[in-house]
Every structure is written in C-alpha cells, then in structure tokens.
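**Q** Chains as they are written, first to last, in my numbering: chain E, 1 to 316; chain A, 317 to 429; chain V, 430 to 728. Cβ atoms here follow ideal geometry from the backbone N, Cα and C, with glycine treated the same way.
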C-alpha cells in the first residue's frame with residue numbers, strides 16, 4: 001500500500017472519528033448519540049490499524065459495540081425522550097438539525113383515521129413531564145410535526161380524543177416559529193452558545209498547534225511487529241503482570257458496585273413504565289416439535305402465523 | 317532518516333476495507349432493485365419512551381466480563397510458550413472473576429427484575 | 430489473484446453459503462414449524478413506517494450484512510482459499526459478527542413500533558448472554574493452537590481434532606452458537622408474540638437483506654465451529670473445500686436438531702443459563718485446557 005493510499009485512509013478514518021464525535025454531541029436522539037460514539041470509535045480503530053496495532057484496533061471495536069449498546073440501554077431507561085422525536089421538532093442550529101434528520105414523523109400522503117394501537121403508551125408518555133407543561137405536550141407534538149412538514153397543514157395521525165385539538169392547533173402552529181410549551185421553553189438556542197462555540201474553536205486551535213509545533217519527532221528504524229497478539233501477550237505476562245491482576249481486581253470491585261447499586265429500591269416504579277420485556281413471559285412452544293405441552297401454555301398462536309396486523313395497503 | 321515501508325498488515329486491512337465497501341455496494345444494489353416495489357404504509361404511534369428492562373445487573377456484569385475477555389485473548393496465545401507461571405496468573409484472574417459471579421449470584425443479582 | 434477478484438469471491442461465497450443454509454434449514458424442519466427467522470418475511474412489497482427513525486431503520490440490515498461479509502474474509506475453505514489470513518483471525522471474527530447484533534438493534538429501535546423496540550431489548554439481552562461463554566470456548570482452542578490465525582488453528586488440528594481434546598468447549602460452542610445465530614431454542618427476539626420482532630417491520634429489500642444476513646450468521650457459526658473443533662478444510666480423499674462444506678453443514682444440521690429438542694427459552698431463562706451455567710463451565714474449560722497443555726497433551 002503506497003504512502004498516498006495511507007494518507008487517504010488516514011483522512012477517512014480521521015473524518016469518521018471527528019464526524020462521529022460531532023454527531024454524538026449534536027443529535028437530538030439519545031440512541032443515535034450512542035451509535036455515533038460507536039462510529040467515532042470505529043474511526044479510531046482504523047487509526048490504530050494504520051499504526052499496525054491491529055489487535056488493539058479490533059479490540060476497540062469489540063469493547064465499544066458491547067459497551068455502547070449497554071450504555072444506550074441505560075440511557076433509554078433513564079432519559080426523557082430517548083428517541084429524539086420530540087426534541088427534533090424544536091428550534092435548533094443547522095448542525096443539530098442535520099444530525100437529527102429523519103427523526104420527526106413523516107407526513108402520510110393523505111389524512112385518515114389511524115389504526116388505534118396502544119393508545120395508553122401515549123398517555124403514559126405524558127405522565128413523565130415534570131413541571132407545568134403536561135397538557136400541551138401532545139398537541140405540541142402535532143405542532144412540531146406540522147411545522148417540520150414545511151408546506152401546508154397536513155394533519156398527522158392522531159388518536160381519537162385529540163382530533164379536535166389537533167386540528168385547532170395546526171392553524172395557530174403554522175404561524176409562529178418559537179415553541180411555547182406552557183412556560184417551559186425547550187429551545188436549543190441559548191445566548192451562551194456562540195461563546196461556547198468560539199471557546200471550543202480556540203481550544204482546538206491551541207491543541208492542534210501544540211501538536212504541530214512540537215520540536216522533534218523521533219523516527220525509529222524498526223518494523224512494527226506483525227504478530228501483535230503474541231507480543232501483547234508476552235508484555236502482559238512479563239512486564240505488566242501487576243497491572244493485569246490489578247485490572248482484574250478493579251473489575252471485581254466494579255461487579256460489587258454494580259450488584260450493590262442495582263438492588264431493588266424502596267420506591268416502586270410507575271407502572272406505566274413497564275414494557276413487555278420487563279415481564280418474564282413464557283415463550284409459546286414451537287408447534288409440532290414433539291414435546292409435551294406445558295400446562296397453561298399459550299399454544300394458540302402458531303409459530304408461523306406472526307403477521308397479526310398487516311399494514312394497510314397504499315399506492316406506491 | 318530511514319523509515320520502514322508500510323507494514324504488511326495494512327495490505328490485509330486494505331482488503332478488509334475493500335470487502336466492506338463491496339458489501340455496502342451489494343446492499344445498495346439490493347435496495348435499488350426494490351425501488352419499484354409497491355409500498356405499504358404502517359402507521360403506529362411513537363413508542364420511544366422510558367421503559368424498564370429486567371436485565372440491568374446482567375448488563376453491568378457483562379461489561380465487566382467483556383473487559384476480562386480482552387485480557388484472555390492475548391494470554392491464550394502465549395500461554396503454551398510461557399507455561400506454568402501464565403497458568404497461575406490466569407488462575408488468580410479467574411478466581412477473582414469467579415468471586416465476582418459468586419457474589420452477584422449470592423446477592424440475588426442474577427435475577428430478572 | 431487480484432484483490433478485487435478475491436473480494437468478489439468472498440461475497441459470492443457469502444451468498445452461496447446463505448442460500449445453501451436456507452435450503453438446509455427448510456429441509457431439516459418439519460413442515461409446520463417456522464424454518465428460520467427470516468424465511469417468512471415479505472419480500473414482494475416494501476414498507477414505509479411513519480414514525481421510524483429514517484437513518485437507523487435502513488442501516489440495520491446493511492450493518493448486519495456487512496458484518497457477515499467481513500467475517501467471511503478470514504475463513505479458510507481450503508489450503509489457498511481464504512480471503513486474507515489476518516494475524517488476529519479468530520478475534521476479528523468474534524468482533525465482526527457482533528455487527529449483526531448491532532444491525533438488529535438498530536432496526537429494532539429505529540422502527541419505533543412496540544414490537545420492534547421490545548425485540549431490540551431482547552436482542553441486546555441475547556448479546557449479553559452469548560458473548561462471554563462463546564469467547565471462553567474460543568479461548569480454549571486458541572490456547573491449544575497457540576495463535577489467533579485461522580490457518581494456524583487448522584494446522585494445529587492435523588493430528589487430532591479439538592472436539593476430542595475439548596469436549597466441554599465443543600458443547601459450549603454448540604449452545605452459544607445457537608444463541609449467536611438466533612435459532613431455536615433462543616428465539617425470543619423473533620417470537621410470534623411480538624409479531625416477529627424486527628422482521629415485522631421489514632419488507633422488500635430489507636427483508637431480503639435480513640434473510641441473507643441471518644442465514645449467513647448461521648452459516649458462519651457452523652463454519653467457524655467446523656474450523657475450531659472439527660479440523661477445518663482437511664480430510665482424506667476429497668479436496669479440502671469439499672470437506673469444509675460437509676463439516677459445516679453437518680455441524681449446522683446437528684445444531685439445528687439439538688436446538689429443537691428443547692422448549693424455547695424465555696429471555697430470563699437464557700440469561701440465567703448463560704451466566705449461571707455456561708460461564709462457570711467455560712472458566713472450568715479454560716483451566717482444564719491449560720492443565721492439558723501443561724501436561725503435554727495436544728499439538
């Protein structure tokens with residue numbers, strides 16, 4: 001691989017790393033944020049591989065896929081609006097809007113009564129608003145969606161009891177640009193933002209110039225070891241033995257902490273927050289597998305008939 | 317000032333990158349082949365909210381063991397060359413982690429909540 | 430051969446392997462049972478989901494397919510028939526197959542329906558369950574082969590297959606391989622009670638990609654099992670690649686049959702099985718293999 005290709009590969013990996021980090025900080029969806037961090041570390045792994053440290057590069061990817069998925073799980077557990085659909089309708093800067101594209105519900109081609117599914121989830125969503133803005137939450141969702149659709153007032157899918165409210169809100173919603181959630185302003189544009197952006201730019205300039213103006217880069221005339229796993233193993237066992245065992249001990253402490261912190265608390269959770277995955281359901285048996293049926297098992301659903309609700313047919 | 321040329325590892329990963337790009341191309345081809353397919357529309361309410369899941373402790377312990385597995389792979393490669401001292405070191409490591417699992421199990425952490 | 434030709438061959442091998450896997454799955458199941466997760470997905474129509482995350486949902490099957498294609502690079506189908514013999518071959522495979530889980534989770538969350546988000550939780554639970562015991566099974570093989578390279582693992586079994594030397598590891602691999610490929614009895618993410626999970630929200634091109642990716646995962650799991658425990662592409666009389674194919678599909682049929690002997694596991698049961706039984710077994714396996722090597726048994 002020639003030096004030119006190396007430079008191109010470096011540029012691509014660096015671009016992925018930086019864009020991933022930028023996306024992580026600016027997108028409105030928590031899930032996407034975790035995924036962007038994962039992508040950023042894939043870029044960093046590419047940089048490691050360019051330095052011929054392939055085991056460590058691939059190890060980065062392994063750690064971060066597992067780690068980020070678990071972190072996303074906990075974020076979804078704890079954060080309000082992890083999917084970003086609500087926040088994506090707010091007033092945002094250009095970068096944030098770009099990284100939050102595709103989050104807002106798209107308009108259907110024609111209006112109509114939506115299928116009524118799981119309406120209680122929508123109501124449960126309302127219960128978690130602290131403060132005074134409980135009631136305008138749902139119509140504001142419609143308002144946000146109506147504004148994002150740009151031209152015209154296309155009615156969104158609505159549950160039956162909000163239909164009147166939704167229609168009324170549309171006409172007033174098209175006119176103004178700022179969100180007013182009954183006193184709770186969730187706009188992302190604050191007066192301190194330009195200062196923050198300039199500060200970040202200044203810090204980056206200082207760091208990059210420190211890197212470039214460093215006096216002497218030593219060039220070693222040694223080829224990188226192609227069998228990196230073996231050399232890392234030897235290093236772990238010989239030079240870094242104490243660190244190795246210390247890391248094991250640290251992991252043990254982490255396990256202790258995790259078990260202690262995750263004990264059931266004295267305050268039970270709001271029942272509206274239970275998803276099916278929180279219930280240990282017995283899976284229904286595979287039909288005709290020759291095993292004796294469990295007493296009381298739900299054997300009615302055949303395993304191959306899993307299309308209960310077919311989506312409605314629309315033209316292309 | 318001499319520096320060695322690009323490592324042979326880079327050729328290998330260049331190939332990997334090539335396969336990656338071609339797989340993406342294949343996926344794009346498949347997607348393009350279905351452009352003319354009649355579309356169905358599915359309208360369901362947005363469900364991204366806060367939901368509990370029952371395996372929080374399992375997930376945290378998994379993170380810890382993922383870090384442990386990272387150490388086991390290079391150790392496994394050099395184990396046969398080093399011999400008994402490597403075995404004893406890993407024995408200590410495994411005992412530490414076994415203690416972690418035993419603690420979690422005994423404290424009722426390995427349960428579905 | 431040029432790099433581009435070899436890369437194209439890798440993709441061709443993926444598609445052929447996945448097609449043959451679909452056939453084997455269909456042949457090996459009784460006719461009232463769902464053959465494999467994606468075989469009933471609707472390919473004819475495409476699906477537009479109103480509330481979906483328009484970046485994450487299409488990215489799911491693409492990421493899964495990429496993971497499977499990348500993992501196939503390092504699999505030897507014969508003496509010279511390998512994409513590239515990476516120095517960290519087996520470790521690379523473990524990491525890259527995790528992209529399938531990532532793709533499933535992206536599609537599950539991105540679809541923004543109750544069933545798909547539920548499936549996303551179950552998919553990540555399955556990841557939490559399978560990674561560590563599977564890694565422990567791999568570690569036993571790596572210890573005896575003294576290398577992460579797939580070619581070196583095949584060479585180390587020229588005397589005796591590892592299935593004989595490490596039976597516990599083999600059993601561990603069978604069970605966690607079924608978990609990794611989302612087949613019976615670890616089918617909860619694709620259960621009928623959540624409408625098929627991620628497959629309910631995929632149609633058209635994404636359904637086709639899911640079929641290839643999910644069949645490809647089973648194919649990869651079986652092929653790696655044949656590589657790690659059954660000696661890979663070696664054998665008398667027939668050429669290497671023929672033996673590899675025979676061993677892969679025999680192992681696949683064995684796994685599928687064994688998987689259907691037990692009732693499907695719920696997610697909680699699967700997690701408990703993994704952490705309470707398989708991981709202690711895996712740690713024991715590592716210690717046993719270490720003892721065997723110190724006693725001089727093995728290559």
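For my contact list, residue 540 of chain V and residue 478 of chain V are in at a C-beta cut-off of 8 Å; report their separation, rounded to the angstrom.
**A** 6 Å
**Q** When you compare the CB positions of residue 482 of chain V and residue 62 of chain E, do they come within less than 8 Å of one another, or not?
**A** No, these two residues do not count as a Cβ contact at 8 Å.
**Q** Can you round the beta-carbon distance between residue 560 of chain V and residue 595 of chain V to whole angstroms, since I take them to be within the 8 Å contact cut?
**A** Wrong, their Cβ atoms sit about 19 Å apart, outside the cutoff.
**Q** Using a Cβ cut-off of 9 Å, pull out every chain V residue sitting near residue 33 of chain E, in sequence order please.
**A** Correct list: empty, because the minimum Cβ distance to chain V is about 12 Å.
**Q** Run through chain V and tell me which residues come within less than 7 Å of residue 357 of chain A, C-beta to C-beta.
**A** 477, 479
**Q** Within the chosen definition, does the stretch 581-594 of chain V reach the stretch 639-653 of chain V through at least 3 CB pairs nearer than 8 Å?
**A** Flag = no, the stretch 581-594 of chain V and the stretch 639-653 of chain V do not touch.
**Q** Pull out every residue of the stretch 474-508 of chain V whose Cβ sits closer than 9 Å to any Cβ of chain E, in chain order.
**A** 474, 475, 476, 477, 478, 479, 480, 481, 482, 483, 484, 485, 486, 488
**Q** For chain E, check one thing: does any of its Cβ atoms lie closer than 8 Å to the Cβ of residue 317 of chain A?
**A** Low confidence applies to residue 317 of chain A: its pLDDT is 39, below 50, so where it sits in the model is not reliable, and the reading given next is rough at best. Yes, contact with chain E.
**Q** Under a Cβ-count criterion, where at least 16 other Cβ atoms within 10 Å of its own Cβ denotes burial, should residue 217 of chain E be classed as buried or exposed?
**A** Classification for residue 217 of chain E: exposed.
**Q** Mind checking residue 96 of chain E: buried by the 16 CB within 10 Å criterion, or exposed?
**A** buried
**Q** DSSP state of residue 477 of chain V, grouped into three classes?
**A** strand
**Q** Suppose contacts are defined by Cβ-Cβ distances below 8 Å. Is residue 736 of chain V in contact with residue 642 of chain V by that definition?
**A** Outside the displayed range of chain V (430 to 728) lies residue 736 of chain V, so it cannot be described from this structure.
**Q** In the DSSP assignment, the alpha helix (DSSP H) including residue 685 of chain V goes from what residue to what residue?
**A** 669-689
**Q** What are the residues that DSSP puts in a beta bridge with residue 358 of chain A?
**A** V/478
**Q** Between the alpha carbons of residue 123 of chain E and residue 29 of chain E, how many angstroms are there, rounded?
**A** Bear in mind that a pLDDT of 36 at residue 123 of chain E, under 50, signals an unreliable position, so the number given afterwards is only what the model happens to contain. Distance between the alpha carbons of residue 123 of chain E and residue 29 of chain E: 21 Å.
**Q** When you check each C-beta in the stretch 244-258 of chain E against every C-beta of chain A, which residues fall closer than 8 Å?
**A** 244, 245, 247, 248, 249, 251, 252, 254, 255, 256, 258
**Q** Alpha carbon to alpha carbon, what distance is there between residue 680 of chain V and residue 592 of chain V?
**A** Looking at the two C-alpha atoms, the distance is approximately 12 Å.
**Q** Could you give the DSSP three-state label for residue 97 of chain E: helix, strand or coil?
**A** Of the three classes helix, strand and coil, the one that applies to residue 97 of chain E here is helix, per DSSP.
**Q** Let me see if you follow: with CB-CB separation under 8 Å, is residue 378 of chain A close to chain V or not?
**A** yes
**Q** Give a yes or no on whether the C-beta atoms belonging to residue 77 of chain E and residue 369 of chain A are separated by under 8 Å.
**A** yes
**Q** Rounding to the nearest angstrom, what Cα-Cα distance links residue 125 of chain E and residue 605 of chain V in this structure?
**A** With a pLDDT of 36 at residue 125 of chain E, under the threshold of 50, the predicted position of this residue should be treated as unreliable, though the coordinate-derived value follows. A straight line joining the alpha-carbon of residue 125 of chain E with that of residue 605 of chain V spans about 37 Å.
**Q** To the nearest angstrom, report how far apart residue 327 of chain A and residue 504 of chain V are at their CA atoms.
**A** 17 Å
**Q** With 8 Å as the threshold, decide whether the Cβ of residue 81 of chain E is near any Cβ in chain V.
**A** no
**Q** So with CB distances below 8 Å, who are the chain A contacts of residue 576 of chain V?
**A** 393
**Q** Check the Cβ of residue 70 of chain E against every Cβ in chain A and list those closer than 8 Å, keeping chain order.
**A** 375, 376, 378, 379
**Q** Of all the beta strand (DSSP E) runs that stay within the bounds of the stretch 530-616 of chain V, which reach a length of 3 or more residues?
**A** With a minimum length of 3 residues, no continuous beta strand (DSSP E) run stays inside the stretch 530-616 of chain V.
**Q** Between the Cα of residue 26 of chain E and those of E/193, E/46, E/51, spot the shortest distance and give me the residue it belongs to.
**A** E/193
**Q** Hey, could you find the ends of the alpha helix (DSSP H) residue 255 of chain E is sitting in?
**A** 241-261
**Q** Pair every Cβ in the stretch 371-387 of chain A with every Cβ in the stretch 244-255 of chain E, then say whether three or more of these pairs are closer than 8 Å.
**A** yes
**Q** Are the beta-carbon atoms of residue 496 of chain V and residue 453 of chain V separated by less than 8 Å?
**A** Not a contact, by the Cβ cut-off of 8 Å.
**Q** Is residue 387 of chain A close to chain V? Criterion is C-beta to C-beta, closer than 8 Å.
**A** no
**Q** Pick from V/546, V/457, V/442: whose alpha carbon is nearest that of residue 510 of chain V?
**A** V/442
**Q** Suppose the cutoff is 6 Å on Cβ atoms and the five residues either side in sequence are ignored; what does the same chain contact list for residue 439 of chain V look like?
**A** Taking C-beta separations shorter than 6 Å and ignoring five residues to either side along the sequence, the partners of residue 439 of chain V in its chain run 501, 502, 512, following chain order.
**Q** So with CB distances below 7 Å, who are the chain E contacts of residue 331 of chain A?
**A** In chain order: nothing, as chain E lies at least about 10 Å away.
**Q** By DSSP, does residue 234 of chain E sit in helix, in strand, or in coil?
**A** helix
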